[in-house]
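Chemist: One point on numbering: in the UniProt record's numbering, the residue at position 48 of the sequence shown is 48, and numbering is uninterrupted. Glycine residues also receive a C-beta, built at the ideal position from the N, C-alpha and C atoms. As the structure is a prediction and not an experimental result, all values here were calculated from the model. One structure follows; several queries about it will come next.
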Amino acid sequence: MTTPTTLEDIVGLEYTKLGFFGEVKNKVAELQAANLKLERKQRKLQAILDGISDVMAIMSSNFTIISVNGLFSEIFKCENPEGQLCYEILKNRKTPCPECPIMTAKKTGKVCRQLLVYPIKNKKHQFEVSVSPMEDSNKKIFRFLFLMRDVTREKEFQEKYYYSKKMATVGVLAAGVAHEINNPLTSISGFSEGLKRRLPKLARCMEDDPESQELMEDFNEYIGTIINECNRCRDIVKNLLTFSPRKRIDFTPVNLKHLVTDVLKLLCYRLKQNHLLKIELKFDNGIPMVRGNAAELKQVLLNIICNAIDAVENEGRLQIYTATESRWVTLSVKDNGCGIAQENMDRLFDPFFTTKPVDKGTGIGLSTCYNIIKQHKGEISVTSKESMGSIFKIKFPNPEYVKND
């Protein structure tokens with residue numbers, strides 16, 4: 001029996017090959033289209049991730065960075081973080097962080113939220129970190145979604161708010177304490193002055209007795225000490241009252257150059273004692289006058305300059321200069337003295353905090369300055385390094401800027 005002849009038998013194997021390559025070509029076209037579609041989806045997803053205002057990264061369980069959004073690379077200055085270890089990039093460590101939220105999320109299987117500090121451009125930034133475990137099809141955790149939100153400025157404003165509330169509370173307490181102290185203090189001071197006026201008459205009555213003369217010298221010394229200490233307490237009470245809400249005080253235009261020269265005149269005697277101390281003054285031309293209470297601003301400047309003189313001791317340099325910075329007029333006092341320890345910087349303006357010996361400072365000078373400047377709608381800040389000196393910078397609202405605005 002003969003087998004029927006087919007078309008393939010006539011055309012041969014080449015026809016079959018052509019069909020096979022045609023199918024391959026179609027499959028390649030389908031794969032290219034699918035790949036192009038996948039790339040578009042990936043770019044769209046990356047664009048969405050880059051549009052997120054928080055830092056985002058996907059991490060493996062061994063702390064390897066798998067992918068990040070654009071903000072991650074921008075903040076941490078790393079062009080290709082993928083494949084690197086997170087603790088090397090984020091904290092410049094060689095071992096995982098002890099407080100690692102990825103470890104916590106891995107152990108608990110739940111979202112872990114922490115407030116962590118990361119160094120960026122030589123400044124510590126606070127981040128709210130949220131780590132969410134990601135599961136595969138078998139419900140096994142294999143990756144982690146890492147979200148970071150920079151809350152540094154928010155925390156700074158929050159801290160300023162709490163500090164203002166604390167200062168307001170201190171103000172109410174200080175006003176009550178000051179008025180209670182003032183009454184007995186006035187009596188002590190008044191009676192001491194009365195005794196001092198009577199001492200000459202008492203001395204004449206006992207001028208013939210040598211022992212009485214020695215006694216009179218003691219009386220003079222003791223009463224003089226009482227009066228001096230009463231005056232010192234009076235100044236402390238006066239400073240305490242600046243914490244309390246003031247009654248209306250009229251602000252007038254104040255020339256900062258005249259303010260500085262007036263304060264230096266008050267310190268003339270002390271400056272003569274420190275003849276090795278050099279003072280440099282620099283006033284920018286066209287500095288506008290600021291609105292304020294000249295007496296209170298003198299008190300602020302007097303306190304800051306006295307602290308600077310104490311810091312440089314006998315030999316050193318003091319620089320006092322003014323400048324205009326857009327919406328601010330600034331007055332700065334710079335010294336090359338001993339500086340301020342970093343652990344004391346955050347407490348510098350706290351009431352009754354001082355690094356001076358007991359008989360040298362009360363701890364309300366700088367806190368009073370802070371309160372006065374705040375009531376002038378200004379700002380006061382300090383930058384300092386130990387053994388390198390300090391810069392106290394006072395910022396006043398620029399009246400010309402406010403006028404133009």
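#1: Whose C-alpha, out of L116, K160, K110, F157, is nearest the C-alpha of K140?
#2: Can you list, in chain order, the stretches of the alpha helix (DSSP H) that have 4 or more residues and sit fully within the segment 133-220?
#3: In the DSSP assignment, find the alpha helix (DSSP H) that holds I287 and state where it starts and stops.
#4: If you reduce the DSSP assignment to three classes, tell me which class L276 lands in.
#5: Go to V329, then tell me how far its beta strand (DSSP E) extends in each direction, as first and last residue.
#6: Pick helix, strand or coil for Q342, following the three-state DSSP scheme.
#7: Should the segment 367-386 be regarded as contacting the segment 275-286, the criterion being three or more beta carbon pairs within less than 8 Å?
#8: Which runs of the beta strand (DSSP E) spanning at least 3 residues fall entirely within the segment 30-117, listed in chain order?
#9: With which residues is L281 paired in a DSSP beta bridge?
#10: Helix, strand or coil for E128, going by three-state DSSP, please let me know.
#11: Quick check on DSSP: helix, strand or coil for S387?
#12: For E313, which of helix, strand or coil comes out of DSSP?
#13: Would C205 be called buried (16 or more neighbouring beta carbons within 10 Å of its own) or exposed?
#14: Does the contact criterion of 3 or more C-beta pairs under 8 Å hold for the segment 370-388 versus the segment 318-327?
#15: Would you identify the three-state DSSP class for K395, choosing helix, strand or coil?
#16: What did DSSP end up calling K257 once you bin it into helix, strand or coil?
#17: From this set, I75, F72, S132, which residue's C-alpha is nearest S60's C-alpha?
#18: In the DSSP output, which residue or residues are listed as bridge partners for T252?
#19: For a test of the three-state rule: what should DSSP assign to K123, helix, strand or coil?
#20: Which stretch, first to last residue, makes up the alpha helix (DSSP H) that contains K377?
#21: If the criterion is Cβ atoms closer than 8 Å, does the pair M56 and F146 meet it?
#22: For the putative contact between C112 and P101, defined by C-beta atoms under 8 Å, what is the C-beta separation to the nearest angstrom?
#23: If we call anything under 8 Å between Cβ atoms a contact, is V263 one with L318?
#24: Would I227 pass as a contact of S192 if the rule is Cβ separation under 8 Å?
#25: Using CA atoms only, rank isn't needed, just tell me which of Y269, A294, D250 is closest to V260.
#26: Per DSSP, which residues does E325 bridge with? Please list them.
#27: What number of angstroms, rounded off, separates the C-alpha of L331 from the C-alpha of N220?
#28: Should K385 go down as buried or exposed, given a rule of 16 or more other Cβ atoms within 10 Å for buried?
#29: Would you mind giving the Cβ-Cβ distance between K334 and I380, rounded to the nearest angstrom? I have them listed as a contact below 8 Å.
#30: Below 8 Å on the Cβ atoms is my contact criterion, and I expect V129 with M148 to pass it. Report the Cβ-Cβ distance as a whole number of Å.
#31: Suppose the cutoff is 7 Å on Cβ atoms and the five residues either side in sequence are ignored; what does the same chain contact list for E400 look like?
#32: If I'm right that F63 touches C78 with Cβ under 8 Å, what's the distance once you round it to whole angstroms?
#33: Could you check whether I89 and R143 sit closer than 8 Å to each other, using their CB atoms as the reference points?
#34: Identify which residue in W328, T383, S67 has its Cα closest to the Cα of E343.
#35: What does the Cβ neighbour count give for G194, buried or exposed, with the cut at 16 atoms within 10 Å?
#36: Can you name, in chain order, every residue of its own chain whose Cβ lies under 6 Å from the Cβ of G365, other than the five neighbours on each side?
Modeler: On the basis of the data shown:
#1: K110
#2: 152-205
#3: For I287, there is no enclosing alpha helix (DSSP H), as DSSP marks it with neither H nor E.
#4: The DSSP-derived three-state label of L276 is coil.
#5: 328-335
#6: helix
#7: no
#8: Those beta strand (DSSP E) runs which fall completely within the segment 30-117 and span 3+ residues are 55-60, 65-68.
#9: I320
#10: strand
#11: S387 falls in the coil class under three-state DSSP.
#12: In this structure, DSSP gives E313 a state outside helix and strand, which the three-state scheme calls coil.
#13: exposed
#14: no
#15: Reduced to three states, the DSSP call for K395 is strand.
#16: helix
#17: S132
#18: G292
#19: In the three-state reduction of the DSSP assignment, K123 falls in the strand class, which pools E and B.
#20: Taken as a continuous stretch (DSSP letters only), K377 belongs to no alpha helix (DSSP H), as it is neither H nor E.
#21: Cβ distance < 8 Å, so M56 and F146 count as in contact.
#22: Right, their Cβ atoms sit about 4 Å apart.
#23: Result no, Cβ atoms of V263 and L318 do not sit closer than 8 Å.
#24: In this structure, S192 lies closer than 8 Å to I227 by Cβ.
#25: A294
#26: W328
#27: 44 Å
#28: Exposed, by the Cβ-count rule.
#29: About 14 Å separates the two Cβ atoms, so there is no contact after all.
#30: 5 Å
#31: If you ignore the 5 residues before and after E400, its C-beta comes within less than 7 Å of the C-beta of P288, all in its own chain and listed in chain order.
#32: That belief does not hold up - the Cβ atoms of F63 and C78 are roughly 15 Å apart, past 8 Å.
#33: Result no, Cβ atoms of R143 and I89 do not sit closer than 8 Å.
#34: T383
#35: exposed
#36: N303
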